[in-house]
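Asker:
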Amino acid sequence: MLELVVLFGFIFQPWSTHAQRQVLLRTLLRCKRYGLPLAETIQALGDDESGFHRSRVRRLARHLGEGDSLVEAIEKVPGVLTVRQETQIRFGMEMGDLNGAIESLIECESEEDSRLLQYSPYILLTLLFTVSIVTFMSQKIVPTMIVILEDFELEPTPALRLWYSVVDRFSFLAYLIVPFFGAMIVFRFLNVDRILQKGIFSRPLSFLFDWDTPDFLRQLSVVARRPAKLDAALATLASCHHSPWRRKRLGRLSLEGPDSGIWRELQQQKLLSQNECDVVLASMDLKNTSWALQELAECRQEKLAKRFAILTRSIYPLVIVGLGGFVLLTALSVFSVLYNLVWSLA
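Heads up: the sequence shown begins at 433 in my numbering, then just goes up one per residue.
1. Please list the segments of the alpha helix (DSSP H) lying wholly inside the region 685–765, counting only runs of 4 or more residues, in order along the chain.
2. Using the C-alpha atoms, what's the distance from residue 576 back to residue 772?
3. Do residue 493 and residue 765 have their beta-carbon atoms positioned less than 8 Å apart in this structure?
4. For residue 783, count the other beta carbons within 10 Å of its own beta carbon; 16 or more makes it buried, fewer makes it exposed. Which is it?
5. Say the cut is 7 Å; is the CB of residue 538 nearer than that to a heavy atom of the ligand FMN?
6. What does a CB cutoff of less than 8 Å around residue 535 pick up in its chain, not counting 5 residues either side in sequence?
7. With residue 571 as the anchor, note down where its alpha helix (DSSP H) starts and where it stops.
8. Out of 531, 583, 696, 579, which one is the CA nearest neighbour of residue 464?
9. Report the three-state DSSP secondary structure of residue 469 (helix, strand or coil).
10. Counting pairs of beta carbons, one from the region 747–757 and one from the region 564–578, are three or more of them closer than 8 Å?
11. Taking the continuous alpha helix (DSSP H) assigned at residue 675, which residues delimit it?
12. Quick check on residue 448: does DSSP put it in helix, strand or coil?
13. Shortest alpha-carbon distance to residue 451 belongs to which of 471, 467, 469, 481?
14. Buried or exposed: residue 767, going by 16 or more other Cβ atoms within 10 Å of its Cβ?
Structure below.
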């Protein structure tokens, strides 16, 4: 049953993909830019979508048609956009620059999720089939081989004994692999990641993966692009950001004095690094702070993508080499038994 749940999750993908969310963001941008009817356009997009994302987009269109604002409608449809995208859109609306907020998401949003899960379906199916085959062999094939060898008064071959020892020692992994992937599917389907990103785990996730810093820098670029005062914009961001840790840090800012002092406060609260703060202060003299923050966000995003790429490239070869070695051992154990049987009959 768990295998069916896992296969169902990866085949039908109950979560919205990166590409689907990008299409939705582009549609929202066109509606705002060209004055298209939002609810009707989103409804038409939902009719063209597939899977669970289709129902999410249709629900979004229904809430918009009932008079909800864009932010309210998005909050009522969990999973249609990521938590970070929601925060960016909410902040853009508060600042009166929704188009700029969506543009920054479209231009700089990377495919870190797809990078991380690039090989997941293949690895998952390989592990599932391996677990199924090993279970069948250990329950049916190997006991039958041992009985046949005993009938011919032969001892189990070294390869067969080694195979049985490996299976016996690592059999507990079979009870962990499938539940792990099953939990991952449920995790994505129920949008538990959204709860983690908004709750007490937001700081550990940010520390380990730096996942929301690029979006925070993009939000600051929206602040720098608008004529509104920096202190008022940061106060707005402190009230609408999804991360309790960042809200707490933003709330500690005095927001008094010149803008250069406020940027230094952001660095002191560890919301900006020393190098990022220096770049921002230098860009203020050239009056291109928004561009500088966008470039800093892209640099952070590239670092994040490289981390996930290294993780993927490390896991994939290890899994393939491990499974390949086990397949080789399985083949040797079977053929060694057949060889001994044929040799005893000669």
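All C-beta atoms, glycine included, are put in the ideal place defined by N, C-alpha and C.
Answerer: The answer reads as follows:
1. 691–700, 706–718
2. The residue labelled residue 772 in the question sits at position 340 within the sequence shown. The residue labelled residue 576 in the question sits at position 144 within the sequence shown. So the two alpha carbons sit approximately 15 Å from each other.
3. Locating residue 765 in the sequence shown gives position 333, counting from the first residue. Locating residue 493 in the sequence shown gives position 61, counting from the first residue. For the 8 Å CB-CB criterion, residue 765 and residue 493 do not form a contact.
4. No statement about residue 783 is possible, as the shown extent of the chain runs from 433 to 778 and does not include it.
5. This structure simply doesn't include the ligand FMN, nor any ligand for that matter.
6. Here the question's residue 535 lines up with position 103 in the sequence shown. Closer than 8 Å at Cβ, skipping near neighbours: 461.
7. Counting from one through the sequence shown, the residue named residue 571 turns up at place 139. Counting along the chain, residue 571 falls outside any alpha helix (DSSP H), and DSSP gives it neither H nor E.
8. In the sequence shown, counting from the first residue as 1, residue 464 sits at position 32. Measuring from the Cα of residue 464, the nearest candidate turns out to be 531.
9. Position 37 of the sequence shown, counted from the start, is the residue given in the question as residue 469. Coil at residue 469, not helix or strand.
10. With the rule of 3 Cβ pairs closer than 8 Å, the region 747–757 does not count as touching the region 564–578.
11. As a first step, residue 675 is located in the sequence shown; it is residue number 243 there, counting from the start. Segment: none, residue 675 is in no alpha helix (DSSP H) and carries neither H nor E.
12. Here the question's residue 448 lines up with position 16 in the sequence shown. If DSSP states are grouped into helix, strand and coil, residue 448 belongs with coil.
13. Counting from 1 along the sequence shown, the entry for residue 451 is found at position 19. Ranking the options by Cα distance to residue 451, first place goes to 481.
14. Indexing the sequence shown from 1 puts residue 767 at position 335. Burial call: exposed.
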